[in-house]
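Visitor:
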Amino acid sequence: KFKKAKIKAAIKVQAWWRGTLVRRTLLHAALRAWIIQCWWRLTLGRNLEKKRRKALIDYSNRERAVVKLQSLIRMWRIHWRYCQVLNAICIIQGHWKYHNCQSCSLLRGHCVITTTHLQFHIEIIDH
Numbered sequence: 810k811f812k813k814a815k816i817k818a819a820i821k822v823q824a825w826w827r828g829t830l831v832r833r834t835l836l837h838a839a840l841r842a843w844i845i846q847c848w849w850r851l852t853l854g855r856n857l858e859k860k861r862r863k864a865l866i867d868y869s870n871r872e873r874a875v876v877k878l879q880s881l882i883r884m885w886r887i888h889w890r891y892c893q894v895l896n897a898i899c900i901i902q903g904h905w906k907y908h909n910c911q912s913c914s915l916l917r918g919h920c921v922i923t924t925t926h927l928q929f930h931i932e933i934i935d936h
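In the numbering used here, the protein residues as written are 810 to 936.
1. In whole angstroms, what separates the C-alpha of L865 from that of R855?
2. Going by DSSP in three states, Q823 sits in which element: helix, strand or coil?
3. Should F811 be listed as close to the ligand ATP, given that the test is whether its C-beta is under 7 Å from any heavy atom?
4. Can you give me the C-alpha to C-alpha distance between L851 and K812, rounded to a whole angstrom?
5. Mapping the DSSP letters down to three states, classify H904 as helix, strand or coil.
6. In this structure, does DSSP put H837 in helix, strand or coil?
7. Measuring straight from C-alpha to C-alpha, what distance separates I869 and Q893?
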């Protein structure tokens, strides 16, 4: 009898212990899963922030490049127009110098440069 009671008690203790171990194992597994989920959410957030930052930097660089290109084209067009006007002035002066009497008339020029236009006025003044 005593032996049977000991065996029954031992079986109860072992069952309780196994159940506790199972509960501990499940609790441990749940805790590990929760930690991994937290880490994954944090990682996704960081990756999303990196993508946003990269997109913003790419957009900023693209806009800067466009503005720079527009500026260079405007500058080149104004320079080209200025060279055209300068060339025309040189041609007019050359013709006037060699084909007319220098003491009879005088050339007077006036140039106005704005951000969008280049204006040049030439007057022939008789003495």
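Positions of the beta carbon are idealized from the N, C-alpha and C atoms, including for glycine.
Guide: Taking the geometry as given:
1. 15 Å
2. helix
3. Ligands are entirely absent from the displayed structure, and the ligand ATP is therefore not among its contents.
4. 58 Å
5. helix
6. helix
7. Looking at the sequence provided, one finds Ser at residue 869 rather than Ile. Taking the Cα positions, S869 is about 36 Å away from Q893.
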